[in-house]
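Chains as they are written, first to last, in my numbering: chain A, 1 to 204; chain B, 1001 to 1176; chain C, 2001 to 2328.
No residue lacks a Cβ here, since even glycine has one placed at the ideal position from N, Cα and C.
Keep in mind that this is a model prediction, so the values were computed, not measured.
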Amino acid sequence: MGIVVFFLAAFLAIVSALAVVSQRNPFVSALGLLGNLVSLATLMLLLDAQFVAAAQVIVYAGAIMVMFLFVIAYVGPRGEIGPGTRKPWQVVLAVVAGLLVVTQIVLVVWTTDFGKPSSIDDAFGGPGAVGQAFVTDYLLAFEGVSVILFMAAVAGVILGAGARPKRLTTDQVLAKEGEAEARRRAASRAAIEAAREAEPGEAR
Amino acid sequence: MFDQVKGFSTTFRHLFQKPITQQYPEYKRPVYPRFRGRHQLHRHDNGLEKCVGCSLCAAACPSDCIRVVPAENTPDNRVSAGERYARIYEINMARCIFCGYCELACPFDAITLGNDFELSEISREALVYTKSMLLEKPALRTPSQAVDPYDVPAQEMERVLGMYDITTATNPEGAE
Amino acid sequence: MVDGVLATIIKSFVLVNVLMAFFAFMTWVERKLIGRFQVRYGPNRVGPFGLLQPIADLGKMLQKENMVPEGARVKLYMVAPLIAMTCAIGAFGLMPFGGVATIPYFDYQFHLYIADTSVSLLVVAAIGSLGFYGLMIGGWASGSKYALLGGMRAIAQLVSYEVAFTLAVIGVIIQAGSLSFVAISDAQMPLWFIVPQFLGFLVFFVAAVAESNRPPFDLVEADGEVVAGYHTEYGGMRYAMFAAAEFINAITLSALGAVLFLGGPNGPFLPGPLWMLIKIGAFLFVLIWIRATLPRVRFDQLMKIGWKVLLPVATLNLLLTAVAVVYL
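This is how it looks when you write it as structure tokens:
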């Protein structure tokens, strides 16, 4: 049973990852990423990491991908991205990065001893174990990540809402308009005065 | 804030009140005396039709839904009480707005609007009523109130004499 | 699998059918109850007391034209109601309806739930989050501006209230000490969590009403609105699936509330499933009561409530619970 689920989830993960990079429409590409995340969550479940799997679906697939899709649907390119937007240096960079990743994977798989599985207890992937790890071994990283998330939230608010122009009250608007009117009147009066000064001098 | 809670108690109390729905086909609310329903062509007491085919009703109709084609009354075929009669008299009920102008325009009191409002058909052709259909009385009798509800002295008289209970139309038995 | 493959398949089959029948019955209950709340009869013509009304509605839905709008992406358009439906029903697989039951004649024992993991609550939340994609994909794939905007608004509402919802639920988790539904139900034997977690219950309830797109938070898909939001371009059976998924979502959240705050299937005399039915029924009654009483909330008011009211109250509840559990 586990083997069947494993191969099914692995197949779906690969197919959806291919969909992410090959689909022309960005929305469908993001949906492919969603499928990939769900398949990965299944694979994590097979590895006894229940909490991480559920948390990944809730947070990444359920909230972050939603935001992705929001942005793509609202401000994304209308329709499909044509092949004409590819630049040659991007292709070179992509091939190099792909080769690096493949080399990394091959190295890791080659040098790992898959002989004996490590012993884990029943509470391995549960929330208790993860929580313990957070507050004992990885406390600094945990707090650091929370500070970074907080900074991101504050930055979002400032960037998004801080640029609003200050709204004037009605009295202020009227005062500004009155000022402009008074200035205009003063300027025209000065022009008339100047003309009257110049005139007797010219007529003489 | 407490007004919200009072709102909830109001709807909760409604659960225990008897619903005020009037179940239509079992109970038909009596219509007012001057209700404008289906048209009715009338006859004199001696059997002659009152309608002479003058088509003043057709002229008065704002929806242009009455069709009148007159013909001469011959001595052996005397239909109406005048010189001519309406050979074809049709009202298109789909266009009629039941305003009653035809009733007001008729100089011979030949056409009045009665109480029948249950006029549903399943085809447009069936809604064009011919003269023979209009001469007949409606199939179902629509109950009507004997006295105009806005005629206060008459209402008082009715109440005192105890002949009718006009003020609220009660629901004898619902479908529940 | 808790009881083996065959028993799980049978239990799933029974659960899906019971859930759909319950949904159909609840549409009748809702219409009758709302009628009574408004001093009128509900539907009473179709069968005795209008009981055949859901069947009439089903017949009406089935004979409507199943069209696909012109600018739509067809495969995504057709798959969106399925996603919504699957995730709505799937979350019910984890709900506990009791402990162990025995079939008397054959002496066969089975559990009265389909699955129970150590992180049941998280899995239910995860499946619920995946259900939102049905709405979003439906809104985008319809090829219509109204559907897209409605879908995005619906998603914004759901994601906003999910935060407060999760925080309220975490209070329960802290007090129960476990994420498994069976353990949470058993931890409420002396006192139901609605008493110590009253603030959390209020936040949970308001967030649950918003999460299931029920009135008064149903701006994106209400009957009285001019355009129907993400299911504008859906007709016939597909629309029925969306409506069913939404209502089953409401049933799931009621079941969640019953398990987390009202003690689940535990109770004095009656068997477990009956208690669950009573508690879910009580929740649904209150949901219908709220629908009959309150006017609709505007979208900006909705967002304000979710972020500025519910989130601080849920955080406060979390703090108080944590302090109480650690120091008391």
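Counting only C-beta atoms, is residue i closer than 8 Å to chain C at any point?
| i | result |
| --- | --- |
| B/Lys1017 | The displayed chain sequence assigns Gln, not Lys, to residue 1017 of chain B. Yes, contact with chain C. |
| A/Gly2 | no |
| B/Phe1008 | yes |
| B/Thr1021 | yes |
| A/Ala161 | no |
| A/Phe124 | no |
| A/Ile58 | yes |
| A/Val5 | no |
| B/His1014 | yes |
| A/Val75 | no |
| B/Thr1112 | no |
| A/Val147 | no |
| B/Thr1074 | no |
Quick check on residue i - is its C-beta less than 8 Å from some C-beta in chain B?
| i | result |
| --- | --- |
| C/Trp2289 | yes |
| C/Ala2208 | no |
| C/Gln2301 | no |
| C/Val2016 | no |
| C/Phe2037 | yes |
| C/Ala2292 | yes |
| C/Arg2040 | yes |
If you measure between the beta carbons of residue i and residue j, is that distance less than 8 Å?
| i | j | result |
| --- | --- | --- |
| B/Tyr1085 | B/Gly1053 | yes |
| B/Tyr1032 | B/Gln1145 | yes |
| B/Ser1061 | B/Ser1080 | The sequence given here has Cys at residue 1061 of chain B, not Ser. Result no, Cβ atoms of B/Cys1061 and B/Ser1080 do not sit closer than 8 Å. |
| C/Glu2002 | C/Asp2116 | A quick correction: the sequence has Val, not Glu, at residue 2002 of chain C. Yes. |
| C/Ala2126 | A/Ile58 | yes |
| B/Asn1092 | B/Leu1127 | yes |
| C/Pro2054 | C/Phe2092 | no |
| C/Leu2253 | C/Leu2179 | no |
| C/Pro2265 | C/Gly2090 | no |
| A/Met236 | A/Leu33 | Nothing can be reported for residue 236 of chain A, as the shown portion of chain A is limited to 1 through 204. |
| C/Val2209 | C/Leu2287 | yes |
| A/Leu46 | A/Gly2 | yes |
Which residues mark the beginning and the end of the alpha helix (DSSP H) in which residue i is found?
| i | result |
| --- | --- |
| C/Glu2162 | Lys2145 to Ala2176 |
| A/Ala41 | Pro26 to Leu46 |
| A/Phe124 | Neither: A/Phe124 is in no alpha helix (DSSP H) and is coded neither H nor E. |
| A/Leu69 | Met65 to Val75 |
| B/Arg1183 | Here chain B covers residues 1001 to 1176 and nothing more, so residue 1183 of chain B does not appear. |
| A/Phe142 | Leu139 to Ala161 |
| C/Ala2183 | Phe2181 to Ala2187 |
| B/Arg973 | The first residue shown for chain B is 1001 and the last is 1176, placing residue 973 of chain B beyond what the model contains. |
| C/Arg2291 | Gly2272 to Thr2293 |
| B/Lys1131 | Lys1131 to Leu1135 |
| C/Asn2249 | Gly2236 to Phe2261 |
Which whole-angstrom value is the C-beta distance of residue i and residue j, which I expect to be below 8 Å?
| i | j | result |
| --- | --- | --- |
| C/Val2206 | C/Ala2154 | About 17 Å separates the two Cβ atoms, so there is no contact after all. |
| C/Asn2066 | C/Gly2235 | 7 Å |
| A/Ala9 | A/Thr42 | 4 Å |
| B/Glu1056 | B/Pro1107 | A small correction: the amino acid at residue 1056 of chain B is Leu; Glu does not occupy that position in the sequence shown. Between B/Pro1107 and B/Leu1056 the Cβ distance is about 7 Å, and since that is below 8 Å, they are a contact. |
For the beta strand (DSSP E) that contains residue i, what are its first and last residues?
| i | result |
| --- | --- |
| B/Glu1090 | Arg1084 to Asn1092 |
| C/Thr2008 | Note, C/Thr2008: premise wrong, no beta strand (DSSP E); alpha helix (DSSP H) at Val2005 to Phe2037. |
| B/His1042 | No beta strand (DSSP E) holds B/His1042; DSSP gives it neither H nor E. |
| C/Thr2102 | Val2100 to Ile2103 |
| B/Ile1111 | Ile1111 to Leu1113 |
| C/Tyr2108 | Tyr2108 to His2111 |
| B/Ala1071 | Ile1066 to Glu1072 |
Say whether chain A places a C-beta atom closer than 8 Å to the C-beta of residue i.
| i | result |
| --- | --- |
| C/Val2068 | no |
| C/Trp2307 | no |
| C/Thr2117 | yes |
| C/Phe2132 | yes |
| C/Ile2114 | no |
| C/Trp2028 | no |
| C/Trp2192 | no |
Compute the minimum distance between the beta carbon of residue i and the heavy atoms of the ligand FMN, and state whether it is under 7 Å.
| i | result |
| --- | --- |
| A/Gln50 | This structure simply doesn't include the ligand FMN, nor any ligand for that matter. |
Exercise for review: Taking 8 Å as the threshold, find out whether the region 2137 to 2155 of chain C comes into contact with the region 2090 to 2105 of chain C through three or more Cβ pairs.
Suggested key: no
Exercise for review: Could you tell me whether the region 2022 to 2033 of chain C touches the region 2283 to 2291 of chain C, using the rule of 3 or more Cβ pairs below 8 Å?
Suggested key: Touching, per the Cβ criterion.
Point to revise | Segment contact, 8 Å Cβ cut-off, at least three pairs: the region 1102 to 1117 of chain B with the region 1035 to 1051 of chain B | key: yes
Review point. With a cut-off of 8 Å, do at least 3 Cβ pairs link the region 2269 to 2277 of chain C to the region 2008 to 2018 of chain C?
Key: no
Check your understanding: Given 8 Å as the limit, is there contact between the region 2311 to 2325 of chain C and the region 2149 to 2169 of chain C, that is, 3 or more CB pairs closer than that?
Key -> yes
Check your understanding: If you pair each beta-carbon of the region 2 to 17 of chain A with each one of the region 37 to 54 of chain A, do three or more pairs fall below 8 Å?
Key -> yes
Check your understanding: Touch check for the region 44 to 63 of chain A and the region 124 to 136 of chain A: three-plus C-beta pairs under 8 Å?
Key -> yes
Review point. Is the region 2180 to 2192 of chain C touching the region 2240 to 2255 of chain C in the sense that three or more CB pairs, one from each, lie closer than 8 Å?
Key: no
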